[in-house]
Amino acid sequence: MDGTIFVVAAGSRLIVIVARNTRRCWQKCIYHSRVRRGMFVETIKVLNGCFYNLEYHEKRARETAMACFGRRLSWDTASMVVPEEARVGLVKCRVVYDTGIREVTFQPYVMRKIGSLRLVDGGNIDYRYKATDRSALTALLDQRAGCDDILIVRDGRITDTSFSNVVFEDAGGGLYTPDTCLLKGTRRESLLDAGIIRECPITVDDIRRFRKVLLVNAMIGLEDGVGVLTGKII
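Residues 462 to 695, numbered by the working numbering, are exactly what the sequence shown covers, in order.
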């Protein structure tokens, strides 16, 4: 797939634009987009044309809309179709919404390589809802000082990285995720429901008890092995 496929909600219509990194195409996409501040986003994995964990994304989006707007989200996930150009390989589907769906895009996804994490104090950061405004997370990421990403600490307890939940693996292969995550990620929730990981308190001092930390989000699973040995947490 070449470029980004934009499927932009415009009233009852969907406008499909294939952007191939030309200035003209990007301007068209920006013109049609109705995204603004105060919106939220779901990032959905699409592999070879199939959506993953769609029911978890729908549940979280509906809960977010009700909590933030007091209204039921208008989102018919059953009618979602992957465009033909996005049906090969690993693709990120990004759904932006408030009380309705405002923009849907499909873009090829490249797995991140993480070799080190820096512990950063998150202060009073609150990211319980997956907002399009990531400025607070970006400000913390700016403190990574040469590391590939950050591991955010709040009140002495481990939360998340700037873009994922975390799962710690002990010497016996047990898998544990902090009960103080910033965002209840869809992958994390599905792993908890399946009994593959367990939730528990994890402090900064507890890190030494574990062998490895794995990063998980909608696009990255345990099987992808994205993570570092705990000795690489600075």
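C-beta: ideal position from N, C-alpha, C; glycine also.
If you're wondering where the values come from, they're calculated on a predicted model, not measured in any experiment.
State the CB to CB distance for the pair residue i and residue j, rounded to an integer number of angstroms; the pair is presumed to be in contact (CB under 8 Å).
| i | j | result |
| --- | --- | --- |
| V571 | I619 | Not confirmed; about 26 Å, so no contact. |
| T599 | D610 | Their Cβ separation, rounded to whole angstroms, is 12 Å, which puts T599 and D610 out of contact at 8 Å. |
| R555 | T504 | 6 Å |
| L612 | L578 | 5 Å |
| V627 | G583 | About 13 Å; that fails the 8 Å criterion. |
Between the Cα of residue i and those of the options, spot the shortest distance and give me the residue it belongs to.
| i | options | result |
| --- | --- | --- |
| I562 | V507, F624, T641, E519 | E519 |
| V543 | G635, V565, L534, R533 | V565 |
| V581 | D685, C608, L690 | C608 |
| F442 | G617, G635, I681, A655 | A question about residue 442 goes unanswered here, because the residues of the chain that appear run from 462 up to 695. |
| L690 | E684, F671, L515 | F671 |
| G692 | D685, E516, R548, D667 | D667 |
| R548 | R532, G531, L534, C511 | C511 |
| A655 | R605, L636, D603, D640 | L636 |
| G422 | K553, D640, E630 | The structure shown does not extend to residue 422, since the chain is modelled only from 462 to 695, so the question has no answer here. |
| S651 | G633, A632, L683, R669 | L683 |
| G617 | S596, I663, G634, G633 | I663 |
| R669 | E546, L601, A632 | A632 |
| E545 | L602, R573, F567 | F567 |
| G499 | M541, S596, S535 | S596 |
I'd like the list of long-range same chain contacts for residue i, defined as Cβ closer than 8 Å, with 5 residues on each side in sequence excluded.
| i | result |
| --- | --- |
| F501 | A522, T525, A526, C529, V557, Y558, D559, Y590, K591, A592, T593 |
| G550 | M462, L508, N509, P569 |
| I695 | S577, L578, R579, L580, C608 |
| Q604 | R579, V581, I611 |
Under 6 Å Cβ to Cβ from residue i, same chain only, skipping five residues before and after it: list those, please.
| i | result |
| --- | --- |
| Y513 | K506 |
| Y588 | L643, L644 |
Any idea if residue i is buried or exposed, counting beta-carbon neighbours within 10 angstroms, 16 or more meaning buried?
| i | result |
| --- | --- |
| G646 | buried |
| C661 | exposed |
| N585 | exposed |
| R433 | Beyond the ends of the chain as shown, which are 462 and 695, falls residue 433; an answer cannot be given. |
| R649 | buried |
| A679 | buried |
| I658 | buried |
Could you pull out every residue in the same chain whose Cβ sits closer than 7 Å to the Cβ of residue i, ignoring the five residues on either side in sequence?
| i | result |
| --- | --- |
| W688 | As written in the sequence, residue 688 is Gly, which differs from the Trp given in the question. Closer than 7 Å at Cβ, skipping near neighbours: I575, K673, V674, L675, L676. |
| T538 | L515, E519 |
Ignoring anything shorter than 3 residues or poking outside the segment 606-675, list the beta strand (DSSP E) runs there in chain order.
610-615, 626-630, 636-639, 659-661
Could I get the ranges of all uninterrupted beta strand (DSSP E) runs contained in the segment 524-563, with 3 residues as the minimum, in chain order?
551-558
Any alpha helix (DSSP H) of 4 or more consecutive residues that is wholly inside the segment 572-611
Entirely contained in the segment 572-611, the alpha helix (DSSP H) runs reaching 4 residues are, in chain order, 596-602.
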